[in-house]
Each structure stands twice: as C-alpha cells, then as structure tokens.
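**Q**
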Amino acid sequence: MPPTQLIPGSQKLTRCSNHCTDEEAKSLRDLIPEYLRHGKTMEILSDVIDRVERLYQKEVETAKKYDRDPRSPGLVAEALGEYLDGDAVMAVLSRGEDVMVVQRRVDWAKWVASAAKIKLFHEPNEVCGSMGHQVRAAMERIDGRS
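Under the UniProt record's numbering, read the sequence shown as residues 1 to 146, first letter to last.
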C-alpha cells in the first residue's frame, strides 16, 4: 500500500500512488549490507540522495531547454552510481580520498538507484517533499517509528 500523505493546507490524508508498497520498501531495506547500516555511512547515503536530487533538477532543466522528457530519478541515480564506480580508482589514487568512503559511496549509489527504480522515492514535490525526506519517511514508517 502506498504511503499516506497529507495534502498541504488541509488535514485530509491521501495515498501517493508514486511510491512503492511498504513490503517493497522492507525488501529493499533488507538488501542494505550490515556495514552500511550505521554511523557515518548514513551521512554518505544522505549525500548521495542529495546529489541525485541536484542531478535530477539539472536533468529537468536540460530536458526543458531541449524540449524533451527528462530521465527518471532512477536513471539519474543509476548513471551516478556508474560514474562513481568508474571514478573510484581516481578518487583514491589521484585525489587521496579514503578507499572505504569511496566504496561506501559507490555501494549507496547503487542502492539508491534500486530504491528509485522501485519508487521508494520520486521527483521532489510539495506533497511528498525532497527525495531525502521521502527516503527517511519510508524507512521510519517501515521501522514503525511513525
């Protein structure tokens, strides 16, 4: 069942049909490796989602400029994951980034691409909020914190 959403300016709840079911969200959460589930890695997840959202906004602007449909958030996230994976060696060797941080960034980017494809989140809007908010709300909901 899609998550419940509050229509702005009212107390009426509605279901956003753009989101995956709670069961799909739980399955996706269960795919998160243990080493990604705590500490600083959660900050990396937040950074990756923010980056996907910025890239998606640029995608929308470019699509409008060239009169075409934008790629979906899932395709944008997948492209980011592929880029980060391909850039991992350069990030470590040339820029001196920590190998564990680089690998976690790649792993989270791949997870975010999967999350976007099953519609754990979608393009930001006034009802559902930012991509990061949508992911946090879904995780809190399936963990029973909301």
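Where is the CB? At the ideal position from N, CA and C, for every residue including glycine.
The structure displayed is predicted, hence computed values, not measured ones.
1. Do ARG29 and ILE142 have their CB atoms nearer than 8 angstroms?
2. Any chance you could list the alpha helix (DSSP H) runs of at least 4 consecutive residues sitting entirely within the stretch 7-88, in chain order?
3. In whole angstroms, what separates the C-alpha of GLY144 from that of SER94?
4. Check whether the Cβ atoms of GLU59 and ALA113 sit closer than 8 angstroms, and answer yes or no.
5. Alpha carbon to alpha carbon, how far is GLY96 from SER17? Give it in angstroms, no decimals.
6. To which residues of the same chain is ARG51 closer than 7 angstroms at the C-beta, ignoring the five residues directly before and after it?
7. Do you know offhand how far residue 148's Cα is from TYR56's?
8. What are the partner residues of GLY96, as DSSP defines its beta bridges?
9. Given a cut-off of 8 angstroms on the beta-carbon distance, is the pair PRO73 and HIS19 in contact?
10. Rounded to whole angstroms, what is the Cα-Cα separation between PRO2 and ASP22?
11. Would you call the CB atoms of VAL135 and ALA115 closer than 8 angstroms?
12. Which residues does DSSP list as the beta-bridge partners of GLY129?
13. Answer with buried or exposed for VAL106, where buried requires no fewer than 16 other C-beta atoms within 10 angstroms of its C-beta.
14. Pull up the distance between the alpha-carbon of VAL127 and that of LEU75, whole angstroms please.
**A** The answer reads as follows:
1. yes
2. For the stretch 7-88, whole alpha helix (DSSP H) runs of length 4 or above, ordered along the chain, are 22-30, 40-65.
3. 44 angstroms
4. no
5. 44 angstroms
6. Closer than 7 angstroms at Cβ, skipping near neighbours: LEU80.
7. Because the chain spans 1 through 146 in this model, residue 148 falls outside it and cannot be assessed.
8. Answer is none; GLY96 lacks a bridge partner.
9. no
10. With a pLDDT of 42 at PRO2, under the threshold of 50, the modelled position of this residue cannot be trusted; read the value that follows with caution. Rounded to the nearest angstrom, the two C-alpha atoms are 7 angstroms apart.
11. yes
12. In DSSP, GLY129 forms a bridge with ASN125.
13. buried
14. 22 angstroms
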